[in-house]
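Residue numbers (the working numbering), protein chains in the order written: chain A, 1 to 215; chain B, 1 to 225; chain C, 1 to 247.
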């Protein structure tokens, strides 16, 4: 099962690369560096997906105390942190040639950075509690609070960056996209979602094996 | 009405304990006074600069003081295994959370008000007309901070490296509240009134509701051994 | 797991444990404990230090969730619904559940209100009187001796009126008078129909309260005997044998 997922993800990624470099047009002002968007945007979307899964799994754990829900939350948080980190790095690589700086306090990057730190804290909490059951319970609570915080982070950071206007938009984004760009983006998004599922499944299996080793 | 009584008795117990031991409030006041001095020394003697940064400095002080004060919120319960007692009492545990949060909000507000006055005095700032809006902003921000802080304090009370884990977990989650509170305070201190910052106030209000509800629903899970 | 057998034990059992297991990480502290305690019965749990006596009591008290197995308190499944079970349970552990800076009366008022019991001053004073602490009702607990704290903790239980009492080494640290007093109180509790489980590692004081003794070795019950036929000496010998075997 995992293998099939792995292959599927690999195929997806290959397809994504083809789309990103072959099919999508070269951006006029930024050049080829702009192609990193096909990595940057999917990773951030998948990160949000991962944390949404953490939320659902955490609620499920508190409700049913199911170890499977806990493993899912744990695995998804780890993969989510990974993808968030990737998003930030990709953003930096994109930013340096484009805006001349590794980091800007723009709304999206800042939100993502806050997310990164929040869920890194989640993993830190898990690491510091030896009792498995308590770790599951406490991180479930943290997972829920952190996820509920995400929209608050969004709005507050975005308003902080735009002076004086209370906007009604949810998120800034490119206004128009040509069909090729859109297609390339979608293929990459699907590819990364598959990669996410593969990683989470693999990680959850490892976690389960670790639990079954006791006396 | 037993729920309200139970929340109240927790608040009462913390208040009486605090009044007799006098440990926390005095230490927090002293700490915040020291922060004042530290700001003066580290940010240079330029009064203009300090006054311009005042909203941020105020909330920075509140947060730092809060980190120290909230982190200790459940310390007294660890003595004599009172924690077990809290867990074993029959009835809705969220009343305990509510009582704790209320106590922490009151404690923090006390410190904040005194700190506000001290800032005004030491940096020679006229906050007279800012007081009515601040009377709304301070509680809005403090409730959000205390709601999550109390929850996380319960979470980290039994964990290794509690002193470092508590701020590490709390600060990122509190950024929206911090941003909102500072922005609103800026407007208040600039004499602009609250008209231009209603969206921030709404954010603070929404955050408060979200955090308190989350705390009420999940506190139970943290009490278990 | 055997299917759908009635696990709630005989009808006059106030407390039943079935297949209790508790693991901390890889370390299995309780490995399948079955225990029944009837109305008016006192059970002593014997075992070496670290054998799991405290863990057993804490699991039964719903302070700790078991890794496996179930606990029934007065017919309620405490593992599924700990809240209902807690109404019937009283626990006296090593910690006294006392706030040092509060007076005896204030401590009682806090716990009574929190537990939803009557907190009228008259009831509180009555409880203090029952444990002979009424002279110290306005004194801060910080000034209390170990024996006084134990009595105050019992006063708390008196107000709560549980049907099952779980006590973790209750006679340790008590002087002669305190022990005698506690013994009388527990006998009274049993005669009113309460069930009692008490961990101990001494055969001296207070052992008289036990009608049965169970011996915990390596997380399992090595023995479950009635005290009367064997006598205290007999139980002690049995204990020495069981602990040697397990070592």
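Backbone N, C-alpha and C define an ideal beta-carbon position, used for all residues, glycine too.
Which two residues bound the contiguous beta strand (DSSP E) that contains residue i?
{"i": "residue 211/B", "result": "Note, residue 211/B: premise wrong, no beta strand (DSSP E); alpha helix (DSSP H) at 198 to 223."}
{"i": "residue 214/C", "result": "212 to 217"}
{"i": "residue 73/C", "result": "68 to 73"}
{"i": "residue 56/B", "result": "Here residue 56/B belongs to no beta strand (DSSP E); instead the alpha helix (DSSP H) covers 54 to 71."}
{"i": "residue 220/C", "result": "220 to 226"}
For residue i, which residues does DSSP report across the bridge?
{"i": "residue 22/C", "result": "30/C"}
{"i": "residue 243/C", "result": "Paired residue(s): none; residue 243/C is not in a bridge."}
{"i": "residue 289/C", "result": "In the structure displayed, chain C extends from 1 to 247; residue 289/C sits before or after that span and is not available."}
{"i": "residue 13/C", "result": "38/C"}
{"i": "residue 89/C", "result": "164/C"}
{"i": "residue 103/C", "result": "140/C"}
{"i": "residue 89/B", "result": "In DSSP, residue 89/B forms no bridge with anything."}
{"i": "residue 77/C", "result": "72/C"}
Give the range of the alpha helix (DSSP H) segment to which residue i is assigned.
{"i": "residue 14/B", "result": "2 to 21"}
{"i": "residue 137/A", "result": "132 to 161"}
{"i": "residue 113/A", "result": "107 to 128"}
{"i": "residue 70/A", "result": "67 to 99"}
{"i": "residue 181/C", "result": "176 to 191"}
{"i": "residue 144/B", "result": "131 to 156"}
{"i": "residue 174/B", "result": "162 to 189"}
{"i": "residue 40/A", "result": "37 to 64"}
{"i": "residue 159/B", "result": "Here residue 159/B belongs to no alpha helix (DSSP H), and DSSP marks it neither H nor E."}
{"i": "residue 199/A", "result": "179 to 211"}
{"i": "residue 77/B", "result": "75 to 78"}
{"i": "residue 60/C", "result": "53 to 60"}
{"i": "residue 266/C", "result": "The question about residue 266/C has no answer here: the residues shown for chain C are numbered 1 through 247."}
Residue i versus chain D: which residues are under 7 Å apart at the beta carbon?
{"i": "residue 161/C", "result": "Checking the listed chains, one finds no chain D in this structure; the protein chains it contains are A, B and C."}
Going by other Cβ atoms of all chains shown within 10 Å of its Cβ, with 16 needed for buried, is residue i buried or exposed?
{"i": "residue 34/B", "result": "exposed"}
{"i": "residue 1/B", "result": "exposed"}
{"i": "residue 34/A", "result": "buried"}
{"i": "residue 128/B", "result": "exposed"}
{"i": "residue 99/B", "result": "buried"}
{"i": "residue 12/C", "result": "exposed"}
{"i": "residue 62/B", "result": "buried"}
{"i": "residue 7/A", "result": "exposed"}
{"i": "residue 174/B", "result": "buried"}
{"i": "residue 3/B", "result": "exposed"}
{"i": "residue 14/C", "result": "buried"}
{"i": "residue 113/B", "result": "exposed"}
{"i": "residue 190/B", "result": "exposed"}
{"i": "residue 169/C", "result": "buried"}
{"i": "residue 117/C", "result": "buried"}
{"i": "residue 77/B", "result": "buried"}
{"i": "residue 164/B", "result": "exposed"}
{"i": "residue 231/C", "result": "exposed"}
{"i": "residue 175/A", "result": "With a pLDDT of only 49 at residue 175/A, under 50, the local geometry of the prediction cannot be trusted, and the value read off the model is given with reservation. Looking at its Cβ environment, which holds fewer than 16 other Cβ atoms inside 10 Å, residue 175/A is exposed."}
Note down, one range per segment and in chain order, each alpha helix (DSSP H) of at least 4 residues found wholly within the region 91 to 128 of chain B. 94 to 122
At least three beta-carbon pairs within less than 8 Å, the region 43 to 57 of chain B to the region 183 to 203 of chain B: yes
Under 8 Å: do the region 87 to 95 of chain C and the region 134 to 144 of chain C share three or more Cβ pairs, one atom per stretch? no
Check whether the region 91 to 105 of chain A and the region 124 to 133 of chain A are in contact - that is, three or more C-beta pairs closer than 8 Å. no
Three Cβ pairs or more, each shorter than 8 Å: is that satisfied between the region 103 to 121 of chain B and the region 196 to 209 of chain B? no
Determine contact between the region 70 to 83 of chain A and the region 139 to 159 of chain A, defined as no fewer than three beta-carbon pairs at a distance below 8 Å. yes
Is the number of C-beta pairs between the region 39 to 47 of chain C and the region 190 to 197 of chain C that are closer than 8 Å three or more? yes
Spell out a yes or no on whether the region 61 to 80 of chain B and the region 21 to 36 of chain B are touching, meaning 3 or more CB-CB pairs, one atom from each, closer than 8 Å. yes
State whether the region 93 to 111 of chain B contacts the region 148 to 165 of chain B, with contact taken as three or more CB pairs (one from each stretch) at a distance under 8 Å. yes
Are the region 53 to 73 of chain A and the region 144 to 162 of chain A touching by the rule of at least three beta carbon pairs closer than 8 Å? yes
Is it a yes or a no for the region 18 to 34 of chain C touching the region 57 to 70 of chain C, going by three-plus beta-carbon pairs under 8 Å? yes
The region 35 to 50 of chain A in contact with the region 62 to 70 of chain A per 3-pair CB rule at 8 Å: no
Taking one C-beta from the region 121 to 130 of chain C and one from the region 151 to 169 of chain C each time, how about it: are there three or more such pairs within less than 8 Å? yes
Below 8 Å, how does it come out for the region 76 to 91 of chain C and the region 47 to 56 of chain C: are there three or more Cβ pairs, yes or no? no
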